[in-house]
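*Asks:*
In full-length UniProt numbering, the protein residues as written are 1 to 340.
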């Protein structure tokens with residue numbers, strides 16, 4: 001018994017069916033199967049191969065008619081040419097696709113994903129002012145700023161307020177952190193009130209390391225030398241370093257207090273400790289001198305000395321060393337020093 005090969009072809013069955021079809025002129029598959037003496041499986045395999053060769057033609061389920069071999073050869077050649085033409089077209093299209101992917105998109109993505117950091121240094125008030133204007137005008141998402149003080153003149157603050165107004169009007173999120181000590185200066189207090197009235201988010205902190213501005217979470221602006229912030233500015237553009245500055249700002253933002261929230265006060269037997277005195281205590285505990293504390297808090301040195309003198313009186317201490325010991329033993333002041 002002859003059966004179909006692995007490809008499903010049964011050449012003997014196909015030839016038997018084809019001969020019967022040419023003999024009869026036209027017939028159904030079942031009629032041809034019976035006359036050729038084939039079982040159903042062999043007849044199906046043979047008929048499928050005849051259709052693949054193009055040697056039979058049937059329409060709408062009617063009886064099949066034979067196709068002469070030379071006509072089937074021409075049909076096969078035409079099918080091959082059509083397939084070859086389509087293959088050539090597909091090959092050209094694939095080449096265009098690969099060229100575009102490899103020469104345009106892959107290099108573009110590699111460039112976009114490349115870890116690169118660009119740093120520029122700007123000196124001179126005119127250059128720094130123009131850079132601020134350019135960055136403010138280009139912002140579309142966010143502007144985050146950290147200000148340790150001292151505060152600039154009101155003329156500069158008023159100009160900054162107008163820029164904030166413009167940014168907020170176009171949907172930019174504006175967040176700013178300022179030192180608590182500026183609450184004791186009426187003009188600075190009004191400035192913060194004006195900022196929040198415009199829609200900016202303002203928080204307060206005892207002290208911060210240096211001025212920092214982050215634009216659209218992509219560009220950072222900070223003093224090149226924190227000890228001399230007026231000398232030159234560093235403009236940092238790039239994912240690696242800017243992400244670090246973003247993390248720094250977010251850390252201070254989480255630890256800062258909302259400007260419109262009630263300021264915490266020490267409870268118990270020391271309710272009179274002010275926000276400014278709290279800042280002095282913390283900085284003094286960090287080992288800073290009076291001058292350093294004054295610079296950090298943007299106040300006069302005498303203000304710091306008065307705060308320390310009042311603290312020593314409350315603790316009944318005759319020296320700073322004794323005051324430090326009593327602070328370390330006092331749970332309420334320990335809470336102040338830990339930021340509670």
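By construction, the Cβ of each residue, glycine as well, lies at the ideal position given by its N, Cα and C atoms.
Predicted model only: the values in this text are computed from it and were never measured.
Taking 9 Å as the threshold (beta carbon to beta carbon), is residue 184 in contact with chain E?
*Replies:* Of the protein chains in this structure there is only one, and it is not chain E.
*Asks:* By alpha-carbon positions, which one of 176, 144, 206 and 46 ends up nearest to residue 196?
*Replies:* For this step, residue 196 is matched to residue 196 along the chain shown. Of the candidates 176, 144, 206 and 46, the one whose C-alpha sits nearest the C-alpha of residue 196 is 176.
*Asks:* Straight-line CA distance for residue 401 to residue 49?
*Replies:* Because residue 401 is not part of the residues shown, which for the chain are 1 to 340, the question remains open.
*Asks:* Assuming residue 308 and residue 320 are in contact, meaning their beta carbons sit under 8 Å apart, how far apart are those beta carbons, in whole angstroms?
*Replies:* In the chain shown, the residue the question calls residue 308 occupies position 308. In the chain shown, the residue the question calls residue 320 occupies position 320. Rounded, the Cβ-Cβ distance is 7 Å, consistent with contact.
*Asks:* Looking only at its own chain, which residues have a Cβ that is under 7 Å from the Cβ of residue 259, when we skip the five neighbours before and after it?
*Replies:* By one-based count along the chain shown, residue 259 stands at place 259. Excluding residues within five positions, the ones whose Cβ falls inside 7 Å are 192, 196, 202, 203 and 204.
*Asks:* I think residue 275 touches residue 180, with their Cβ atoms under 8 Å apart; what is that distance to the nearest whole Å?
*Replies:* By one-based count along the chain shown, residue 275 stands at place 275. By one-based count along the chain shown, residue 180 stands at place 180. Residue 275 to residue 180, Cβ: 4 Å. Contact.
*Asks:* So the candidates are 123, 207, 224 and 158; which of them puts its Cα closest to the Cα of residue 194?
*Replies:* Counting from one through the chain shown, the residue named residue 194 turns up at place 194. Minimum Cα distance to residue 194 is reached at 158.
*Asks:* Could you check whether residue 147 and residue 211 sit closer than 9 Å to each other, using their CB atoms as the reference points?
*Replies:* Counting from 1 along the chain shown, the entry for residue 211 is found at position 211. Counting from 1 along the chain shown, the entry for residue 147 is found at position 147. Closer than 9 Å, so yes.
*Asks:* On the criterion of 16 or more Cβ atoms from any shown chain inside 10 Å, does residue 61 qualify as buried, or is it exposed?
*Replies:* Here residue 61 corresponds to residue number 61 of the chain shown, with the count starting at 1. Looking at its Cβ environment, which holds fewer than 16 other Cβ atoms inside 10 Å, residue 61 is exposed.
*Asks:* Between which residues of its own chain and residue 135 is the CB-CB distance below 6 Å, once the five residues before and five after are set aside?
*Replies:* By 1-based counting over the chain shown, the position of residue 135 is 135. So the list reads 215, once near-sequence residues are dropped.
*Asks:* Taking the alpha carbon of residue 184 as the reference point, which residue from 22, 124 and 300 has its own alpha carbon closest?
*Replies:* In the chain shown, counting from the first residue as 1, residue 184 sits at position 184. Minimum Cα distance to residue 184 is reached at 300.
*Asks:* Residue 199: which of 178, 165, 213 and 207 sits nearest, CA to CA?
*Replies:* What you label residue 199 is simply residue 199 of the chain shown in a count that begins at 1. Checking every option, the nearest Cα to that of residue 199 belongs to 165.
*Asks:* Check this for me: beta carbons of residue 221 and residue 235, under 9 Å apart or not?
*Replies:* Here residue 221 refers to the residue found at position 221 when the chain shown is read from its first residue. Here residue 235 refers to the residue found at position 235 when the chain shown is read from its first residue. Against a cut-off of 9 Å, the Cβ pair of residue 235 and residue 221 comes out as a contact.
*Asks:* Residue 56 bridges to which residues according to DSSP?
*Replies:* In the chain shown, the residue the question calls residue 56 occupies position 56. BP columns for residue 56 point to 66.
*Asks:* To the nearest angstrom, how far is it from the Cα of residue 139 to the Cα of residue 246?
*Replies:* Translated into positions along the chain shown, residue 139 becomes position 139. Translated into positions along the chain shown, residue 246 becomes position 246. Looking at the two C-alpha atoms, the distance is approximately 16 Å.
*Asks:* Residue 322: buried (16+ other C-beta within 10 angstroms of its C-beta) or exposed?
*Replies:* One-based indexing of the chain shown puts residue 322 at position 322. Residue 322 is exposed by the Cβ-count criterion.
*Asks:* Note down, in chain order, each residue of its chain lying with its Cβ closer than 7 Å to the Cβ of residue 76, except the 5 sequence neighbours on either side.
*Replies:* Taking the first residue of the chain shown as position 1, residue 76 is located at position 76. Around residue 76: 54.
*Asks:* Note the first and the last residue of the continuous alpha helix (DSSP H) segment covering residue 241.
*Replies:* Translated into the one-based positions of the chain shown, residue 241 becomes position 241. First-last of the alpha helix (DSSP H) with residue 241: 239-255.
*Asks:* What separation, rounded to the nearest whole angstrom, lies between the Cα atoms of residue 187 and residue 218?
*Replies:* Reading the chain shown from its first residue, position 187 is the one you call residue 187. Reading the chain shown from its first residue, position 218 is the one you call residue 218. For residue 187 and residue 218, the distance between alpha carbons rounds to 32 Å.
*Asks:* For a test of the three-state rule: what should DSSP assign to residue 178, helix, strand or coil?
*Replies:* The residue you call residue 178 lines up with position 178 of the chain shown. Three-state DSSP puts residue 178 in a strand.
*Asks:* Rounding to the nearest angstrom, what Cα-Cα distance links residue 41 and residue 15 in this structure?
*Replies:* For the purposes of this step, residue 41 is taken as residue 41 along the chain shown, with counting starting at 1. For the purposes of this step, residue 15 is taken as residue 15 along the chain shown, with counting starting at 1. Rounded to the nearest angstrom, the two C-alpha atoms are 15 Å apart.
*Asks:* At what residues does the alpha helix (DSSP H) containing residue 280 begin and finish?
*Replies:* The count along the chain shown starts at 1 and reaches residue 280 at position 280. Per DSSP, residue 280 belongs to the alpha helix (DSSP H) from 275-285.
*Asks:* In chain order, what residues of the same chain lie with their CB nearer than 7 Å to the CB of residue 243, ignoring the 5 residues before and after it?
*Replies:* By one-based count along the chain shown, residue 243 stands at place 243. Counting only Cβ-Cβ distances below 7 Å, and skipping sequence neighbours, we find nothing.
*Asks:* Note the first and the last residue of the continuous alpha helix (DSSP H) segment covering residue 133.
*Replies:* By one-based count along the chain shown, residue 133 stands at place 133. Residue 133 -> alpha helix (DSSP H) spans 125-138.
*Asks:* Who does residue 144 pair with in a DSSP beta bridge?
*Replies:* As a position in the chain shown, residue 144 is number 144, starting the count at 1. The partner list for residue 144 (beta bridge, DSSP) reads 175 and 214.
*Asks:* Looking at the structure shown, is residue 232 part of a helix, part of a strand, or coil, going by DSSP?
*Replies:* Indexing the chain shown from 1 puts residue 232 at position 232. If DSSP states are grouped into helix, strand and coil, residue 232 belongs with the strands.
*Asks:* Is it buried or exposed, residue 171, if we count other Cβ atoms within 10 angstroms and call 16 or more buried?
*Replies:* One-based indexing of the chain shown puts residue 171 at position 171. Residue 171 should be labelled exposed.
*Asks:* Which of the three DSSP states is assigned to residue 318 in this structure?
*Replies:* As a first step, residue 318 is located in the chain shown; it is residue number 318 there, counting from the start. Coil, per DSSP.
*Asks:* Can the beta-carbon of residue 303 be found closer than 9 Å to that of residue 297?
*Replies:* If you number the chain shown from 1, residue 303 lands on position 303. If you number the chain shown from 1, residue 297 lands on position 297. Yes, they are a contact pair.
*Asks:* Please report how far the alpha carbon of residue 31 lies from the alpha carbon of residue 18, in whole angstroms.
*Replies:* Reading the chain shown from its first residue, position 31 is the one you call residue 31. Reading the chain shown from its first residue, position 18 is the one you call residue 18. Taking the straight line joining both Cα atoms gives about 12 Å.
*Asks:* Nearest-angstrom Cα distance between residue 44 and residue 87?
*Replies:* For the purposes of this step, residue 44 is identified with residue 44 of the chain shown, where counting begins at 1. For the purposes of this step, residue 87 is identified with residue 87 of the chain shown, where counting begins at 1. Cα-Cα distance, rounded: 31 Å.
*Asks:* Hey, would you say residue 131 sits closer than 9 Å to residue 233, going by beta carbons?
*Replies:* On the chain shown, residue 131 is found 131 positions in, with the first residue counted as 1. On the chain shown, residue 233 is found 233 positions in, with the first residue counted as 1. Yes, the Cβ-Cβ distance between residue 131 and residue 233 is below 9 Å.
*Asks:* Buried or exposed, going by whether 16 or more other CB atoms sit within 10 Å of the CB of residue 265?
*Replies:* Start at 1 with the first residue of the chain shown, and residue 265 comes out as number 265. Residue placement at residue 265 cannot be trusted, given a pLDDT of 41 that sits under 50; what the coordinates show is reported in the next sentence. With fewer than 16 Cβ atoms within 10 Å of its Cβ, residue 265 is classed as exposed.
*Asks:* Note down, in chain order, each residue of its chain lying with its Cβ closer than 6 Å to the Cβ of residue 173, except the 5 sequence neighbours on either side.
*Replies:* Indexing the chain shown from 1 puts residue 173 at position 173. Closer than 6 Å at Cβ, skipping near neighbours: 142.
*Asks:* Excluding sequence positions up to five away, which residues of its chain have a Cβ less than 8 Å from the Cβ of residue 280?
*Replies:* As a position in the chain shown, residue 280 is number 280, starting the count at 1. Same-chain partners within the cutoff: 293, 297, 304, 307, 308 and 311.
*Asks:* With a CB to CB cut of under 8 Å and the five nearest residues on each side skipped, what residues in its chain are close to residue 207?
*Replies:* By one-based count along the chain shown, residue 207 stands at place 207. The residues are 148, 179, 279, 282, 283, 296 and 297.
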